[in-house]
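J.: So the sequences go chain by chain: A and B. Quick note, this note's numbering runs 199 ahead of the 1-based positions in the first sequence. Quick note, this note's numbering runs 40 ahead of the 1-based positions in the second sequence.
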Amino acid sequence: MNRQQIWISLITLTLFAVVPPLTVLFDQPFYLDMFARIMILAIAAVSLDLILGHGGMVSFGHAVYMGIGAYAVGILSYYGIDNGFIQFPLAMLASALIGLIFGAMSLRTSGVYFIMITLAFAQMLFFLAISLEEFGGDDGMSAARSEFAGLIDMYDGVQFYYLIFACLALVLYLLHRLVLSRFGMVIRASRSNEKRMHAIGYPTYRYKLAAFTIAGTICGLAGALFANLNEFVSPDVMHWTHSGEIMVMVIMGGIGTLIGPVLGASAFLLLEEYLPEWMEMVMTNGGEHWAIVMGPILIAIVLFGRGGIHALFASRGKIGVKQND
Amino acid sequence: MDPLLLLEQAFNGLQFGVMLFLIAAGLTLVFGIMDLVNLAHGSLVMIGAYLATTLIAWTDSFIFGIALALPATFAVGVLVEVVALRTLYRRNHLDQVLATFGLILFFNEVVRIIWGAQSIYSGLPDYLSGQVEIIPGAPYPVFRLVIIAVGLIVAALIYTIVAHTRLGMLIRAGASNNEMVGALGINIKSLFTFVFALGAVFAGLAGMMLGPLTSVEPGIGEPLLILAFVVIIIGGIGSIRGAFIAAILIGMADTVGRVFLPVLLRIFVSDAAADTAGPALASMLIYILMAAILVVRPRGLFPARTG
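#1: Please confirm if B:Gly338 has its CB atom under 8 Å from at least one CB of chain A.
#2: The beta strand (DSSP E) with B:Gln171 in it runs from where to where?
#3: Could you tell me how far apart the beta carbons of A:Val436 and A:Gly266 are, in whole angstroms, since I believe they sit closer than 8 Å?
#4: Please report how far the alpha carbon of B:Gln49 lies from the alpha carbon of B:Met292, in whole angstroms.
#5: Less than 8 Å separating the beta-carbons of A:Pro219 and A:Val311?
#6: Which residues of the segment 480–501 of chain A have a Cβ closer than 9 Å to any Cβ of chain B? Give them in chain order.
#7: What does the Cβ neighbour count give for A:Ala365, buried or exposed, with the cut at 16 atoms within 10 Å?
#8: Within this structure, are the beta carbons of B:Leu60 and B:Gly239 separated by less than 8 Å?
#9: Please confirm whether A:Ser330 has its beta-carbon closer than 8 Å to some beta-carbon of chain B.
#10: Tell me the DSSP bridge mates of A:Val432?
#11: I need the straight-line Cα distance from A:Ile300 to B:Arg339, nearest angstrom please.
#12: Is there at least one Cβ from chain A nearer than 8 Å to B:Met74's Cβ?
#13: Between B:Gly117 and A:Phe382, what straight-line distance do the alpha-carbon atoms span, to the nearest angstrom?
#14: So, helix, strand or coil for A:Tyr372, using DSSP?
#15: Hey, would you say B:Ala286 sits closer than 8 Å to B:Val296, going by beta carbons?
#16: Is the separation between the beta-carbon of B:Phe146 and that of A:Ile445 shorter than 8 Å?
#17: How about A:Tyr312: is its C-beta nearer than 8 Å to some C-beta of chain B?
#18: Please decide whether B:His81 counts as near chain E, where near means a Cβ-Cβ distance under 8 Å.
#19: Going by Cα to Cα distance, which pick from A:Gly254, A:His438, A:Ile314 and A:His375 is closest to A:Arg387?
#20: Quick one: give me the first and last residue of the alpha helix (DSSP H) that A:Ala295 is part of.
#21: From the DSSP output, in three-state form, read off A:Ile454 for me.
#22: If B:Ala124 and B:Leu138 are in contact, beta carbons under 8 Å, what's the gap, nearest whole angstrom?
#23: Could you compute how far the alpha carbon of B:Gly347 sits from the alpha carbon of B:Leu329?
#24: Is DSSP giving A:Val520 helix, strand or coil here?
#25: Give every residue of the same chain whose Cβ lies closer than 7 Å to the Cβ of A:Val481, excluding the five residues on either side of it in the sequence, and list them in chain order.
#26: So with CB distances below 8 Å, who are the chain B contacts of A:Ala319?
#27: Kindly say whether B:His204, judged by its beta-carbon, lies nearer than 8 Å to any beta-carbon of chain A.
#28: Is it true that the CB of B:Gly261 sits closer than 8 Å to the CB of B:Leu62?
#29: Using beta-carbon positions only, say whether A:Ser294 and A:Gly415 come within less than 8 Å of one another.
#30: DSSP on A:Ala426, reduced to helix/strand/coil?
#31: With DSSP as the reference, label B:Pro263 as helix, strand or coil.
#32: Residue range of the beta strand (DSSP E) that B:Pro179 falls in?
#33: Using a Cβ-Cβ cut-off of less than 9 Å, give me the residues of the segment 105–133 of chain B that come near chain A, in sequence order.
#34: Quick one: using the 10 Å Cβ neighbour count with 16 as the cut-off for buried, is A:Glu471 buried or exposed?
#35: Using beta-carbon positions only, say whether A:Tyr401 and A:Val378 come within less than 8 Å of one another.
#36: Evaluate contact between the segment 100–110 of chain B and the segment 302–310 of chain B, counting only Cβ atoms and requiring at least three cross-stretch pairs below 8 Å.
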């Protein structure tokens with residue numbers, strides 16, 4: 200992250216921070232919920248950016264860790280354990296563990312094999328969730344919001360919002376430090392030339408696995424927050440299109456910039472919300488066919504939008520990462 | 041265990057396997073030659089299914105409907121390649137994944153606009169809807185046997201084309217070094233278009249045969265696409281032979297596993313536990329199989345190319 204990225208990050212976070220007072224002022228509680236959702240997916244997208252943007256690992260199953268985090272909260276709540284101090288660490292631990300296992304197997308491969316194997320592993324857990332009748336199977340299960348021993352009231356929209364905000368800010372800060380650290384250097388260097396890193400004597404596999412596990416853990420946190428937000432958990436959160444959407448957020452916002460994916464998540468969810476309305480204005484019942492516009496938008500971003508939204512604000516040539524795989 | 045049930049499930053597995061092969065064949069060729077990860081391949085399955093259903097209803101004949109739907113799918117394949125995918129060959133895999141993901145959204149919505157979001161059903165003619173006894177006492181639907189036969193014929197056809205014709209020679213040459221093929225005076229652009237459209241026809245054919253088995257609805261090809269990915273990973277990307285063996289393996293494992301895993305588990309654990317764990321384990325079986333194979337061979341069973 201360069202100075203510019205830090206400024207963009209601070210401005211973005213400030214904008215998120217002033218949302219609750221504004222929603223109270225204009226009496227629009229809907230937007231509180233909406234921006235809470237945006238920040239949760241931003242956490243997931245930022246975690247993917249660590250491995251996708253900085254590590255060059257094109258993981259196509261990242262939503263699965265959100266699912267694990269969400270199901271950890273849901274299942275604990277099902278057994279009457281509502282304490283967030285137990286739920287959140289366990290959710291992250293579970294995602295870390297699965298990330299470690301999937302990563303250990305996936306990272307033996309590379310390139311397109313890696314893309315497909317991460318997708319397949321995600322599908323595996325998706326079908327597992329569907330077949331677990333005890334936990335709602337296909338229909339999903341409801342989950343009570345976590346309790347933090349009276350410290351934070353999760354049913355209070357504003358308190359919950361600032362908890363998510365704090366998580367996002369913390370994740371951004373920690374990953375920023377991580378990327379700049381020696382560990383981050385090794386990760387980025389093995390993206391650009393893994394053989395050389397290997398020759399220098401770095402066990403790149405272990406470094407990449409560590410990054411993969413960290414990304415999974417953070418995404419698990421996003422999942423735990425997501426379960427709280429919806430008060431509901433279903434296999435849909437792990438659906439492969441959801442993984443694709445998180446990936447789109449990263450690309451849309453600007454790969455390898457950390458703050459870019461936050462912008463990408465905002466843009467994606469706002470488009471998803473308002474595109475149908477705009478299309479409705481152009482054509483009656485156009486709104487239900489919003490995907491016919493969304494699809495070409497994605498293609499256009501990939502083909503022409505080098506650097507994503509982040510590049511609109513940052514001067515050219517300073518884009519953090521050049522992508523190659 | 042009932043041996044007749046086992047036989048029936050083995051045939052179902054074979055039928056599922058050849059269907060997966062039809063989808064995986066195009067995917068693996070397109071990847072092997074053009075180095076393109078095409079998520080929208082599942083959309084071609086869907087488009088094939090819709091075109092066939094419509095054309096069968098229009099011509100009022102199953103055979104003519106399919107016969108018209110095949111060239112129509114070929115045309116769609118050519119169109120998609122020329123308009124959308126051609127620019128993606130030189131991009132990295134990430135870009136290809138995202139752009140073709142966008143294509144999926146687009147195609148699903150186009151289908152919803154043209155045919156509606158509801159499932160549509162395509163019936164079978166009388167001569168295909170009956171049952172025959174494969175061995176005395178074991179009736180089996182004729183149509184599923186037809187699928188197996190068509191699948192095996194197409195597999196033989198693909199093998200012959202790739203291994204024994206001039207086109208196949210170009211395809212194999214293109215897979216190992218397409219720039220060199222171009223430099224030798226072959227029109228590489230039209231070769232790519234042709235190969236892609238050929239893959240589209242195979243995928244469409246799978247969709248056409250899937251239609252009468254289930255119902256035709258938007259997004260019908262996506263679950264199959266992911267299985268086809270598993271197939272080409274296990275088989276080794278770019279390898280037709282690998283795709284065939286892996287497709288049959290996956291088809292068998294999935295179908296037979298779903299039926300017999302719960303039965304098998306009952307031997308070891310209580311009935312209640314087996315009934316819960318059985319379906320869960322069965323739905324994960326092929327992915328576990330894939331992981332196991334990749335631990336031993338990270339590039340699949342028959343790696344055709346490196347990179």
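For each residue, glycine too, the CB sits at the ideal point set by N, CA and C.
T.: If we stick to the structure as given:
#1: Residue identity differs from the one stated: residue 338 of chain B is Pro in this sequence, not Gly. Yes, contact with chain A.
#2: Gln171 to Ile175
#3: 5 Å
#4: 8 Å
#5: no
#6: Glu487, His488, Trp489, Ala490, Ile491, Val492, Met493, Gly494, Pro495, Ile496, Leu497, Ile498, Ala499, Ile500 and Val501
#7: With fewer than 16 other CB atoms across the displayed protein chains lying within 10 angstroms of its CB, A:Ala365 is exposed.
#8: No, these two residues do not count as a Cβ contact at 8 Å.
#9: So, interface residue.
#10: A:Met340
#11: 19 Å
#12: no
#13: 46 Å
#14: helix
#15: Against a cut-off of 8 Å, the Cβ pair of B:Val296 and B:Ala286 comes out as no contact.
#16: no
#17: Yes, because at least one Cβ of chain B sits closer than 8 Å to the Cβ of A:Tyr312.
#18: Of the protein chains in this structure, namely A and B, none is chain E.
#19: A:Gly254
#20: Gly283 to Ser305
#21: coil
#22: That pair is no contact at about 13 Å.
#23: Low confidence applies here, because B:Gly347 scores a pLDDT of 36, under 50, leaving its location unreliable and the question unanswered by this model.
#24: Low local confidence applies: a pLDDT of 46 at A:Val520 is under 50, so the model's placement there is unreliable, with the coordinate-based value given in what follows. In the structure shown, the three-state DSSP call for A:Val520 is coil.
#25: none
#26: Ile266, Phe269, Val270, Ile273, Tyr327 and Met330
#27: Closer than 8 Å: no.
#28: Contact: no.
#29: Yes, the pair counts as a contact, with Cβ atoms nearer than the cut-off.
#30: helix
#31: helix
#32: Ala178 to Pro181
#33: Result list: Ala124, Thr127, Leu128, Arg131, Asn132 and His133.
#34: exposed
#35: Against a cut-off of 8 Å, the Cβ pair of A:Val378 and A:Tyr401 comes out as no contact.
#36: no
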